[in-house]
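Student: The listed protein sequences derive, respectively, from chains W and C.
Residue numbering for the first sequence follows this note's numbering, starting at 760 and increasing by one per position.
Residue numbering for the second sequence follows this note's numbering, starting at 937 and increasing by one per position.
Shown below is the structure under consideration.
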Amino acid sequence: MFPHFLTLQQVSRRQISSTVRRQLVNKVPDKQKLFQEANGMPVHLKGGVSDAVLYRATMGLTVLGTAYVIYELVKAALPQKKG
Amino acid sequence: MAHQAHAYHMVDPSPWPLTGAIAALLMTSGLAIWFHFHSTVLMTLGLILLLLTMYQWWRDIIREGTFQGHHTPPVQKGLRYGMILFITSEVFFFLGFFWAFYHSSLAPTPELGGCWPPTGITPLDPFEVPLLNTAVLLASGVTVTWAHHSIMEGERKQAIQSLTLTILLGLYFTALQATEYYEAPFTIADGVYGSTFFVATGFHGLHVIIGSTFLAVCLLRQVQYHFTSEHHFGFEAAAWYWHFVDVVWLFLYVSIYWWGS
């Protein structure tokens, strides 16, 4: 009984680790190549199109937010009397 | 092609300090607008901007270190100093709340009944859930140290297992504290006892959530092969922060839960 149990353990371990190897390959060398490319791009845009999309969304919210906060603070500072 | 003749990191121009500053402006003004005019739009916008800033700023640091190789030994030394100084500032933050607790509890006023806990307050039993919480955090300190040694020894699978266990223990603590908060027989509005208890333990709980998040990011990075056995400062920073959170809890437990009951 004992040897059979050990064999089962070894088999399941082998199957699990081969599944892991298939799904999680080391992509760091590819990333290193991408981010070390001499294309003059700053690091916050160097990853590609998704970087630019996220940057534009963030900056858009920043500009809109700045305008909105100035509006709200001016409105709060100059109360409109009713009637 | 120009190359630097020094080991330091001259960062690329970045928009994130600006977006972060605007996020802080929007959150603080938004808080005031919420209090006075019942609108949460500004504050929510600030919070979204803060999350976007944090994600992109730290993503860029990972790119600069792991993918571009800018984190040379002198640069890493600077990062270590930075993390130590930040944690020190957090120590002082908590010191204030402990000061407030001891100020009120060492000389309880006649309004409280001249005693601590004040008249009418039933404190939590320190040997029930609070003691379990202590064990959970101490155990998580062991598992995070296990994770560190695993990383240093190149044991990838063990590092992933022990780091996952650490995060699970952190989440377990948070869940236990949440139920304690829900079941507590006193609230934050119950005089200075309630104030000191919930503000001190509340900020601690927030730091547990922050620490768990930091560790979770490290787990993702470990799975993606970012850490080497010699160079894994992101993980070390997270581990330092986690030990700090653990130590704060020990002080909270001894002072507020145990002595304070």
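Just so you know, even glycine gets a beta-carbon here, dropped at the ideal spot from N, CA and C.
Check the C-beta distance from residue 1195 (chain C) over to residue 1070 (chain C) and give it rounded, since I have them as a contact under 8 Å.
Tutor: Contact flag wrong, Cβ pair sits at about 14 Å.
Student: Inspect the beta-carbon positions of residue 1169 (chain C) and residue 1016 (chain C) and report whether they are closer than 8 Å.
Tutor: Taking 8 Å as the Cβ cut-off, residue 1169 (chain C) and residue 1016 (chain C) qualify as a contacting pair.
Student: At a CB-CB cut-off below 8 Å, which residues of chain B make contact with residue 798 (chain W)?
Tutor: The structure shown has no chain B; the protein chains it does contain are W and C.
Student: For chain C, is any of its Cβ atoms less than 8 Å away from the one on residue 836 (chain W)?
Tutor: Not one chain C Cβ lies under 8 Å of residue 836 (chain W).
Student: With burial defined as no fewer than 16 other Cβ atoms inside 10 Å of the residue's Cβ, what is the status of residue 1018 (chain C): buried or exposed?
Tutor: Exposed, by the Cβ-count rule.
Student: May I ask you to report which of helix, strand or coil DSSP gives residue 774 (chain W)?
Tutor: The predicted position of residue 774 (chain W) is uncertain, since its pLDDT is 47 and thus under 50; no value can be drawn from it.
Student: Work out the CA separation of residue 1136 (chain C) and residue 996 (chain C) for me, nearest whole Å.
Tutor: Taking the straight line joining both Cα atoms gives about 33 Å.
Student: So the alpha helix (DSSP H) residue 990 (chain C) belongs to, where does it begin and stop?
Tutor: Taken as a continuous stretch (DSSP letters only), the alpha helix (DSSP H) holding residue 990 (chain C) covers 977 to 998.
Student: Mind checking which residues open and close the alpha helix (DSSP H) that includes residue 805 (chain W)?
Tutor: Neither: residue 805 (chain W) is in no alpha helix (DSSP H) and is coded neither H nor E.
Student: Would you list, in chain order, the members of the stretch 1159 to 1176 of chain C that have their beta-carbon closer than 9 Å to a beta-carbon of chain W?
Tutor: So the close ones are 1159, 1160, 1161, 1162.
Student: Applying the criterion that 16 or more other CB atoms from any shown protein chain within 10 Å of the CB defines a buried residue, is residue 765 (chain W) buried or exposed?
Tutor: Note on residue 765 (chain W): pLDDT 48, under 50, position unreliable in the model; the coordinate value appears next. So residue 765 (chain W) counts as exposed.
Student: Determine the DSSP secondary structure at residue 1190 (chain C), reduced to helix, strand or coil.
Tutor: Looking at residue 1190 (chain C) - three-state DSSP - the assignment turns out to be helix.
Student: May I have the straight-line CA-CA distance separating residue 1041 (chain C) from residue 1179 (chain C), to the nearest angstrom?
Tutor: Residue 1041 (chain C) and residue 1179 (chain C): Cα-Cα distance of roughly 27 Å.
Student: Within 10 Å of its beta-carbon, does residue 973 (chain C) have 16 or more other beta-carbons around it, so buried, or fewer, so exposed?
Tutor: Counting Cβ neighbours within 10 Å, residue 973 (chain C) comes out exposed, since fewer than 16 surround it.
Student: Just to confirm my understanding: we take residue 1049 (chain C), look at its own chain, exclude 5 residues before and 5 after, and list those with CB closer than 7 Å. What are they?
Tutor: Cβ within range, chain order: 1055.
Student: Using a C-beta cutoff of 8 Å, does residue 1268 (chain C) count as contacting chain W?
Tutor: Outside the displayed span of chain C (937 to 1197) sits residue 1268 (chain C), for which this structure offers no information.
Student: Could you check the C-alpha separation between residue 771 (chain W) and residue 1101 (chain C) for me, to the nearest Å?
Tutor: Bear in mind that the predicted position of residue 771 (chain W) carries a pLDDT of just 48, short of 50, making it unreliable; the figure below should be weighed with that in mind. Distance between the alpha carbons of residue 771 (chain W) and residue 1101 (chain C) is about 22 Å.
Student: Check whether the Cβ of residue 802 (chain W) lies closer than 8 Å to any Cβ atom in chain C.
Tutor: At least one chain C Cβ lies under 8 Å of residue 802 (chain W).
Student: Taking residue 949 (chain C) as the reference, which of W:805, W:832, W:838, W:824 has the closest Cα?
Tutor: It is W:805.
Student: May I have the straight-line CA-CA distance separating residue 988 (chain C) from residue 838 (chain W), to the nearest angstrom?
Tutor: Cα to Cα, the separation comes out at about 34 Å.
Student: Does the separation of the CB atoms of residue 1044 (chain C) and residue 1035 (chain C) fall below 8 Å?
Tutor: No. Outside cutoff.
Student: Straight-line CA distance for residue 958 (chain C) to residue 825 (chain W)?
Tutor: Roughly 7 Å between the two C-alpha positions.
Student: Against chain W, does residue 1079 (chain C) count as a neighbour if the rule is that its beta carbon must be under 8 Å from one of theirs?
Tutor: Judged by the 8 Å Cβ criterion, residue 1079 (chain C) is not in contact with chain W.
Student: Just to confirm, is the Cβ distance from residue 1074 (chain C) to residue 1182 (chain C) under 8 Å?
Tutor: In this structure, residue 1182 (chain C) lies closer than 8 Å to residue 1074 (chain C) by Cβ.
Student: Can you give the Cα-Cα distance for residue 834 (chain W) and residue 1173 (chain C), rounded to whole angstroms?
Tutor: So the two alpha carbons sit approximately 44 Å from each other.
Student: For the alpha helix (DSSP H) that residue 1082 (chain C) lies in, which residues bound it at each end?
Tutor: 1065 to 1088 is the extent of the alpha helix (DSSP H) around residue 1082 (chain C).
Student: Figure out for me which residue from C:1128, C:1029, C:1154 has the closest Cα to the Cα of residue 1098 (chain C).
Tutor: Per the Cα distances, C:1154.
Student: Which stretch, first to last residue, makes up the alpha helix (DSSP H) that contains residue 964 (chain C)?
Tutor: Looking at the DSSP string, the run of the alpha helix (DSSP H) that includes residue 964 (chain C) is 952 to 973.
Student: Would DSSP call residue 946 (chain C) helix, strand or coil?
Tutor: The answer is coil: DSSP assigns residue 946 (chain C) none of H, G, I, E or B.
Student: So, for residue 1083 (chain C): in the same chain, excluding its five sequence neighbours on each side, which residues have a beta-carbon less than 7 Å away from its beta-carbon?
Tutor: If we look at residue 1083 (chain C) and ignore the five residues flanking it on each side, its Cβ neighbours are 1095, 1098, 1099, 1102.
Student: What are the boundary residues of the alpha helix (DSSP H) that includes residue 1109 (chain C)?
Tutor: Its alpha helix (DSSP H) spans residues 1092 to 1119.
Student: For residue 1087 (chain C) and residue 1093 (chain C), what's the separation of their Cα atoms in angstroms?
Tutor: Those two C-alpha atoms are separated by around 9 Å.
Student: Let's test the definition: count the other Cβ atoms within 10 Å of the Cβ of residue 946 (chain C) and tell me whether it reaches 16, buried, or not, exposed.
Tutor: Per the 10 Å Cβ criterion, exposed.
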